[in-house]
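See below for the structure under consideration.
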Amino acid sequence: MSDLPRKAVTRTAKLAALPLGFAGRATWGLGKRIGGRSADIVGRELQQRTAEQLFRVLGELKGGAMKFGQALSVFESALPEEIAGPYRAALTKLQEAAPPMPTDSVHAVLAERLGEDWRELFTEFDDKPSAAASIGQVHRAVWHDGRAVAVKVQYPGAGAALLSDLSQLSRFARLLGPLIPGMDIKPLISELRDRVSEELDYSLEAEAQQAHAEEFADDPDVLVPAVVHQSDQVLVTEWMGGVPLSEIIANGTREERDRAGQLLARFLFSGTARTGLLHADPHPGNFRLLTGDAPDGPAETWRLGVLDFGTVDRLPDGLPSTIGASLRMTLDGEAEAVYELLCEEGFVKESIELDPDAVLDYLLPIIEPAQVDDFTFTRSWMRTQAARIADPRSPAHQLGRQLNLPPSYLLIHRVTLSTIGVLCQLGATVRLRDELEAWLPGFRPADASGPSVPEQHHPTAEEKPA
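Residues 0 to 465 (numbering that gives the first Met the number 0) make up the sequence shown, in order.
Now the structure itself:
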């Protein structure tokens, strides 16, 4: 296979084949049913063939196509089980692997960006990639000072491919909608487009990753590899082992699932509070469970490894206190106060008037995980929530259509939903309320003693000396 396909016409043709393929298989299925085969059997075969084509096309093209597939993959837990089964295996493959870039192309990028003598920077360099993702692939190597490192090399032509793919995907977003019932695909694609320039700029990624690495240095729960070297299209960081969350989802023990889920929830809220940055690409391929030298030791000693800071939301003041305050008031049943706050923040437009009690009834099932000491996230719970909001006959659907999502909350909303999707894939039992009270501004009850975050002060990126 050659580099990331550069000709827009080639990539466009492959992407356009997706909806055409869906239609063709539907016709094939109708013919099979006319021939007397069970509709259920034919339906399963259709879904399996669609899933296989989806993975093949999105994975082969990498770029925006694969980025879109990864974003979809965390929402498979919202699909009805009879649909999710065939898609699950195909979509979750996108979280960890893609066809690699040829060795000659890798060497050419390294020579161009690190210099013709790039090999002198390493004592070892593995030409076989350890991971291949949407816009770059990772090689394991040993830096000249003896440190094991990960070398992330951007695909040639990645920028043009990203924009071309996402433009093409947006054209048939309506046809892709049924893949994730109840989810509006077009805003997701638009938001991915908005982040393209940041994703391609490895200097921004290096800055965000190093800020996290310094903040979480010696942290008992989270590890972020330090940046070793960065140049245009090449990023070298310390190597991190561990078990990918995609493997935990597939084969993990109960202890592994629960610990990974707890730490993922902790990082979602504490990372932003401590660095002023929100890690905005929470699919399982970007996280590792690190058991260290004691895989059979107590789960409390295991850590969460975090990778890929190419997409972050810069929130120097942390998550908006409106989120915590409205969540707390909802739990306390303060319908009027919640409604007033949502109106002030633009979640309810001035031209719309809603019943505060109806809004409260809409929100309460969604925040069920925060109502109890610990909550087990499951695919069935996620499906119930998705169905409640997606069903055009339900009051929740009608009310949800009248609510507005202000632009400043768009990425926060997607990251939160994606994280919940991963927790449901893990089937993890999580003490979510503990994390909210510790890290979410505005959530801690007014009569609770102690600070709203752990007593030690964690400076934001802006507070740290250069």
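Note that the Cβ used here is the ideal one computed from N, Cα and C, for glycine as well.
In the assembly as shown, Arg-253 is an exposed residue. Its beta-carbon has fewer than 16 other beta-carbons within 10 Å. With fewer than three CB-CB distances shorter than 8 Å, the segment 243-252 does not count as touching the segment 313-328. Going by DSSP, Phe-121 is part of the beta strand (DSSP E) stretching over 121-124. Residue pairing of Val-223 in beta bridges, as defined by DSSP: absent, with no partner found. Secondary structure at Leu-289: strand, using DSSP grouped into helix, strand and coil. Where Trp-380 is concerned, there is no enclosing beta strand (DSSP E), although the alpha helix (DSSP H) around it starts and stops at 378-389. Counting along the chain, Arg-413 sits inside the alpha helix (DSSP H) bounded by residues 409-425. When DSSP reads this structure, Pro-243 sits in a beta bridge with Arg-287. Cβ-Cβ distances below 6 Å link Ala-427 to Arg-256, Asp-257, Gly-260 and Phe-376 in the same chain, with the five nearest sequence neighbours on each side left out; the list follows chain order.
Scanning the segment 339-372 from its first residue to its last, the whole alpha helix (DSSP H) runs of 4-plus residues come out as 355-362.
Comparing alpha-carbon positions, the option among Ala-212, Val-233 and Gln-229 lying closest to Met-239 turns out to be Ala-212. Rounded to whole angstroms, Asp-280 and Arg-430 show a C-alpha spacing of 22 Å.
Counting only the Cα atoms, Asp-360 lies some 40 Å from Glu-204.
Within the DSSP secondary-structure output, Val-150 pairs in a beta bridge with His-138 and Val-235. Proximity of the segment 330-337 to the segment 346-366 meets the contact definition, three or more beta-carbon pairs being nearer than 8 Å.
Around the CB of Lys-151, 16 or more other CB atoms lie within 10 Å, so the residue is classed as buried. In terms of Cβ geometry, Val-305 and His-282 do not form a close pair [threshold 8 Å].
In this structure, DSSP gives Arg-302 an extended state, which the three-state scheme calls strand.
Taking a 10 Å sphere around the C-beta of Ala-272, we find 16 or more other C-beta atoms and assign the residue as buried.
Between Asp-231 and Arg-112, the CB-CB gap stays under 8 Å.
According to DSSP, residue pairing for Leu-276 in a beta bridge involves Arg-313. Distance from the CA of Pro-368 to the CA of Trp-142, rounded to the nearest whole angstrom, comes to 44 Å.
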